[in-house]
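Undergrad: This is the structure I have questions about; it appears just below.
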Amino acid sequence: MITFEDFKKIELKIAKIIEVKEHPNADMLYVLRVEIEDKPRQIIAGIKKYYTPEELKGKQIVVLANIETATIRGEISEGMLLAAKDDENLAILIPEKNVKTGSTVS
158 MITFEDFKKI ELKIAKIIEV KEHPNADMLY VLRVEIEDKP RQIIAGIKKY YTPEELKGKQ
218 IVVLANIETA TIRGEISEGM LLAAKDDENL AILIPEKNVK TGSTVS
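Counting in this note's numbering, the sequence shown runs from 158 upward without gaps.
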């Protein structure tokens with residue numbers, strides 16, 4: 158269990174996917190260019206099996222914005238896309254309505 162104080166440290170934000178590229182060194186990963194409050198970021202996401210680039214481009218998503226930057230197979234990831242997964246499917250978390258990028262998820 159985490160405390161409420163620990164939970165308050167997590168920054169969940171709305172981002173918009175502006176570009177989707179295949180990862181040059183991994184078959185199951187995309188390199189996503191997202192926008193949060195008019196600031197571009199790159200996120201590496203293992204969702205290629207479940208989504209085409211056309212399904213993702215322009216979509217608003219929920220991201221963990223304050224996670225440490227990581228290098229994933231040679232590419233920088235500056236956030237983490239949130240998704241739900243069961244035995245067969247994966248669904249990215251999206252807002253029910255369009256909201257301003259950078260909006261806080263609480």
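Positions of the beta carbon are idealized from the N, C-alpha and C atoms, including for glycine.
Are the CB atoms of T258 and K173 within a distance shorter than 8 Å?
TA: Translated into positions along the sequence shown, residue 173 becomes position 16. Translated into positions along the sequence shown, residue 258 becomes position 101. It is a contact, given that the beta carbons lie within the stated cut-off.
Undergrad: Let me know the alpha helix (DSSP H) ranges lying completely inside the stretch 207 to 234, each 4 residues or longer, listed in chain order.
TA: 210 to 213
Undergrad: V224 to K206, Cα distance in whole Å?
TA: Counted from its first residue, the sequence shown places residue 224 at position 67. Counted from its first residue, the sequence shown places residue 206 at position 49. It should be pointed out that residue 224 corresponds to Ile in this sequence rather than to Val. Using only the alpha carbons, I get a separation of about 24 Å.
Undergrad: Where does K242 land, buried or exposed, given buried means 16+ other C-beta within 10 angstroms?
TA: Position 85 of the sequence shown, counted from the start, is the residue given in the question as residue 242. Exposed is the call here.
Undergrad: Rank T160, I249, A202 and K165 by C-alpha distance to the C-alpha of G236 and give the top, closest one.
TA: As a working mapping, residue 236 is identified with position 79 in the sequence shown. The option with the nearest alpha carbon to G236 is A202.
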